[in-house]
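Just so you know, we're using my numbering here: the sequence shown kicks off at 470 and counts up by one.
Inspection log for the structure reproduced underneath, given as structure tokens.
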Amino acid sequence: MNFTLNLGYKCNYECSHCCNNSGPNRKERLSKNDILEICDYIAREKPKWISFLGGEPTLYINQISILLDRILAFKAPSKVSITTNGWFFLKDTIHTKYILRQLERVNRIQVSIDRYHPNAEMLISNLQNRADDCNLSSKIEIVSVWSNAEDLIWLAKINLKLRKYKISIQEGAPSGRAKISKNYLKREIPRPQLQNMACPNLTQVAYHPNTGFTKCCGPLANKASLKKIIGSEKYRNFVNLRFTRNIERKKLSELASEYNVDLSNETFSHPCEACEYIFSKCVTDKLMEVV
Ligand code: SF4
Ligand code: SF4
470 MNFTLNLGYK CNYECSHCCN NSGPNRKERL SKNDILEICD YIAREKPKWI
520 SFLGGEPTLY INQISILLDR ILAFKAPSKV SITTNGWFFL KDTIHTKYIL
570 RQLERVNRIQ VSIDRYHPNA EMLISNLQNR ADDCNLSSKI EIVSVWSNAE
620 DLIWLAKINL KLRKYKISIQ EGAPSGRAKI SKNYLKREIP RPQLQNMACP
670 NLTQVAYHPN TGFTKCCGPL ANKASLKKII GSEKYRNFVN LRFTRNIERK
720 KLSELASEYN VDLSNETFSH PCEACEYIFS KCVTDKLMEV V
């Protein structure tokens, strides 16, 4: 199992395609108690990969250091990854090197670059020059989100400049601010495909400041009203949640039948959109109670 850790929703950007509404005014972050629970989980379950996300995770650099100290002390075989918007590549060289030095113990730095981020082209040229200068032991990879043809054209253009890095391309999902601003990949999932779809997050356990441990890294995790239903600060409670068991074992169409939600007249562009629809129609504390 892999572990995705959302350190907090604060971000120095406020992009229209952000799937979790991160931004400069968000305050939610991990508490000391959250960190204790997370360390306990890592020591016992030894996830294969631990991925630090946000918001912008480098804004929580002290917490990253504390977590890395403890992960190394457990001698857990986990590998660590961080996904950053790479803002520090736009600062002076000293600043860039300072942040990269804090990330020396991270195995993989994923720099999220797309045309919605400020000064993306300048970031690309700084990244190439400075990453080599720093003689990094961490592997740098690029991740980019696309939602429309212009995004793909932009990606094809920057691909030539970033040839030496692995680039992962993700589809923009209808979640958070992306859904509000309609900046996500619009398509219609064919009905037979929808019948067989399950949660795309099955190989992950996530931890968000709002929900604690949860299976969800999608739109349900953004809903404060679902906090007690989809997650728990205690790992042992999380594994026993009816929500956890259902998401792990059932296709989305089976969940819809179980909760008497009719999908036959609806169209969806992403499995998470179907999942959000099902739970918006059926959620009551009784339906989702701990079993
Ligand atoms: S998409 Fe990334 S960089 Fe943009 S606001 Fe969201 S977390 Fe920040
Ligand atoms: S919204 Fe549903 S399908 Fe999407 S990640 Fe969350 S639990 Fe899984």
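For every residue, glycine included, the Cβ atom is placed at its ideal position computed from N, Cα and C.
These numbers come from a predicted model, not from an experiment.
Cα separation between residue i and residue j?
| i | j | result |
| --- | --- | --- |
| Gln571 | Cys741 | 34 Å |
| Ala675 | Pro688 | 13 Å |
| Lys630 | Ser644 | 30 Å |
| Lys697 | Asp538 | 30 Å |
| Met470 | Tyr510 | 12 Å |
| Ala545 | Phe712 | 28 Å |
| Leu476 | Arg660 | 37 Å |
| Val580 | Thr552 | 6 Å |
| Pro669 | Cys685 | 9 Å |
| Phe707 | Arg714 | 9 Å |
| Arg498 | Pro526 | 10 Å |
| Arg632 | Ile649 | 34 Å |
| Leu663 | Asn489 | 24 Å |
| Thr417 | Ser701 | Residue 417 lies beyond the residue range present for the chain, which begins at 470 and ends at 760; the question has no answer from this structure. |
Once the 5 residues before and after residue i are set aside, which same chain residues still bring their CB inside 6 Å of it?
| i | result |
| --- | --- |
| Ala667 | Lys720 |
| Phe472 | Pro516, Ile519 and Val674 |
| Glu657 | Thr736 |
| His677 | Asn475 and Ala690 |
| Leu528 | Lys479 |
So if DSSP puts residue i in a beta bridge, which residue, or which two residues, is it bridged to?
| i | result |
| --- | --- |
| Ser520 | Thr473 and Ser550 |
| Gln579 | Thr552 and Glu610 |
| Ala675 | Thr473 and Thr683 |
| Gln639 | Val614 |
| Ser701 | Phe682 |
| Lys479 | Gly492 |
| Arg498 | Gly477 |
For residue i, which residues from the same chain have a beta carbon less than 8 Å from its beta carbon, with the 5 sequence-adjacent residues on both sides left out?
| i | result |
| --- | --- |
| Ile747 | Leu721, Leu724, Ala725, Tyr728, Val730 and Leu732 |
| Ala595 | Going by the sequence as given, residue 595 is Asn instead of Ala. Excluding residues within five positions, the ones whose Cβ falls inside 8 Å are Phe558, Leu559 and Thr565. |
| Lys548 | Lys517, Trp518, Ile519, Asn576 and Arg577 |
So, at 7 Å on beta carbons, what are the nonlocal neighbours of residue i in its own chain, with the 5 sequence-adjacent residues on each side left out?
| i | result |
| --- | --- |
| Gly641 | His486, Val614, Trp615, Ser616, Ala647, Asn652, Tyr653 and Leu654 |
| Met591 | Leu559 |
Is the region 584-595 touching the region 484-492, taking contact as three or more C-beta pairs under 8 Å?
-> Contact between the region 584-595 and the region 484-492 is present: three or more C-beta pairs spanning the two stretches fall below 8 Å.
Okay, do the region 500-517 and the region 601-618 touch, 3+ Cβ pairs below 8 Å being the bar?
-> For the pair of segments examined, the region 500-517 was found not to touch the region 601-618: the number of CB pairs separated by less than 8 Å stays below three.
Is the region 557-573 in contact with the region 529-537, if contact means three or more CB pairs nearer than 8 Å?
-> Contact holds: three or more Cβ-Cβ distances are below 8 Å.
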